[in-house]
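> What follows is a single structure, and I will ask about it in a moment.
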Amino acid sequence: MKKILVIEDEDILREVVVDYLLNEGFEVLEAPDGEIALELFQSNSVDLIILDIVLPKLDGWSVCRRIRKNSSIPIIILTARADEDDSLLGYELGADDYLVKPYNPRVLTAKVKRFLKIHPSSVDGMLISSSGIVVHLGSRLVSVDGNTISLTHTEFEILAYLMQNKGLVITREQLIAKIWGYDFYGDEKTINSHIRNLRAKLGARGKYIVTVIRSGYKFEEDQL
Numbered sequence: 001m002k003k004i005l006v007i008e009d010e011d012i013l014r015e016v017v018v019d020y021l022l023n024e025g026f027e028v029l030e031a032p033d034g035e036i037a038l039e040l041f042q043s044n045s046v047d048l049i050i051l052d053i054v055l056p057k058l059d060g061w062s063v064c065r066r067i068r069k070n071s072s073i074p075i076i077i078l079t080a081r082a083d084e085d086d087s088l089l090g091y092e093l094g095a096d097d098y099l100v101k102p103y104n105p106r107v108l109t110a111k112v113k114r115f116l117k118i119h120p121s122s123v124d125g126m127l128i129s130s131s132g133i134v135v136h137l138g139s140r141l142v143s144v145d146g147n148t149i150s151l152t153h154t155e156f157e158i159l160a161y162l163m164q165n166k167g168l169v170i171t172r173e174q175l176i177a178k179i180w181g182y183d184f185y186g187d188e189k190t191i192n193s194h195i196r197n198l199r200a201k202l203g204a205r206g207k208y209i210v211t212v213i214r215s216g217y218k219f220e221e222d223q224l
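If you want it as structure tokens, here you go:
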């Protein structure tokens with residue numbers, strides 16, 4: 001049973017989300033503020049976090065930043081403002097997706113289920129390797145020049161998709177459809193933020209993710 005941590009200070013909203021998740025068979029932990037959220041996260045094995053931005057004691061940005069120091073768990077942020085700066089800041093801090101209030105709990109539940117989709121056992125032993133980067137599809141581990149790096153759920157999906165299609169130009173629309181589906185509420189700048197974070201984590205190997213102007217991105221491996 002997958003365990004979800006719902007961090008929301010508005011009791012009614014939190015109860016509605018929790019009810020929907022319980023009805024889908026998830027185990028749910030609840031936190032009304034940022035400090036309790038971090039305590040629950042540190043003392044429990046959690047599979048996904050739903051994180052409101054405006055929280056008492058410790059805001060959502062701070063919670064996200066602290067969790068991302070040592071965890072790549074999927075994080076969906078909730079914001080009361082349809083503000084591009086809010087969404088981009090969330091992505092810069094490592095959030096995987098966001099929803100603007102008021103939102104449909106069914107849409108939120110669908111996003112949760114998409115992030116927690118079970119990978120077929122056939123990929124457990126599969127890996128993709130190129131130019132010093134190794135991606136293990138089953139364990140979702142990534143190493144660069146032999147050193148394991150920590151990627152968020154979304155960063156992993158982008159890297160795996162680009163490396164599975166080495167040499168091919170992948171449009172931003174294709175990446176959005178592959179990773180978030182067609183109910184995505186952001187824009188193409190979202191992809192840019194994730195690519196920037198991914199390149200930084202890959203270090204010198206980040207150069208192999210090439211921007212194709214007015215088209216998208218592609219993975220170009222070393223030419224021997």
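Position 23 of the sequence shown, counted from 1, bears residue number 23 in UniProt numbering, the numbering being contiguous throughout.
We put the beta carbon where it would ideally sit given N, CA and C, even for glycine.
Treat the numbers as computed from the prediction; the structure is a model and nothing was measured.
(1) Would you tell me roughly how many angstroms separate the C-alpha atoms of valine 169 and glycine 138, rounded to the nearest one?
(2) Thinking C-alpha only, which one of Ile4, Lys69, Arg65 and Val134 is nearest methionine 163?
(3) Kindly list the residues whose CB is nearer than 8 Å to the CB of leucine 93, restricted to its own chain and excluding five residues on each side of it in sequence; keep chain order.
(4) Is DSSP giving lysine 3 helix, strand or coil here?
(5) Quick test of the definition: if touching needs 3 or more C-beta pairs under 8 Å, does the region 41 to 53 touch the region 5 to 17?
(6) Can you tell me whether alanine 160 is buried or exposed? The criterion is at least 16 other CB atoms within 10 Å of its CB, across all chains shown.
(7) Hey, how far is the Cα of valine 16 from the Cα of glutamate 173?
(8) Does the distance from the CB of serine 131 to the CB of glutamate 221 come in under 8 Å?
(9) Pop quiz: isoleucine 195 and isoleucine 176 are said to be a contact at Cβ under 8 Å. What is the actual Cβ separation, rounded to whole angstroms?
(10) Could you give the DSSP three-state label for lysine 113: helix, strand or coil?
(11) Answer yes or no: do tyrosine 98 and isoleucine 73 have a C-beta to C-beta separation smaller than 8 Å?
According to the structure shown:
(1) As a first step, residue 169 must be located in the sequence shown, where it is residue number 169. As a first step, residue 138 must be located in the sequence shown, where it is residue number 138. In this structure, the straight-line span from the alpha carbon of valine 169 to that of glycine 138 is close to 25 Å.
(2) The count along the sequence shown starts at 1 and reaches residue 163 at position 163. Nearest option by C-alpha distance: Val134.
(3) In the sequence shown, the residue the question calls residue 93 occupies position 93. Counting only Cβ-Cβ distances below 8 Å, and skipping sequence neighbours, we find Trp61, Cys64, Arg65 and Arg68.
(4) Within the sequence shown, residue 3 is the residue found at index 3, counting from 1. It is a strand residue.
(5) The region 41 to 53 makes contact with the region 5 to 17, as at least three CB pairs between them are under 8 Å.
(6) What you label residue 160 is simply residue 160 of the sequence shown in a count that begins at 1. In the assembly as shown, alanine 160 is a buried residue. Its beta-carbon has 16 or more other beta-carbons within 10 Å.
(7) Position 16 of the sequence shown, counted from the start, is the residue given in the question as residue 16. Position 173 of the sequence shown, counted from the start, is the residue given in the question as residue 173. Taking the straight line joining both Cα atoms gives about 32 Å.
(8) Walking along the sequence shown from the start, residue 131 turns up at place 131. Walking along the sequence shown from the start, residue 221 turns up at place 221. Against a cut-off of 8 Å, the Cβ pair of glutamate 221 and serine 131 comes out as a contact.
(9) As a first step, residue 195 must be located in the sequence shown, where it is residue number 195. As a first step, residue 176 must be located in the sequence shown, where it is residue number 176. Contact between isoleucine 195 and isoleucine 176 is ruled out by a C-beta separation of about 12 Å, above the 8 Å threshold.
(10) The sequence position of residue 113 within the sequence shown is 113, counting from 1. In the structure shown, lysine 113 sits in a helix (DSSP, three-state: H, G or I).
(11) Your numbering for residue 98 matches position 98 in the sequence shown. Your numbering for residue 73 matches position 73 in the sequence shown. No. Outside cutoff.
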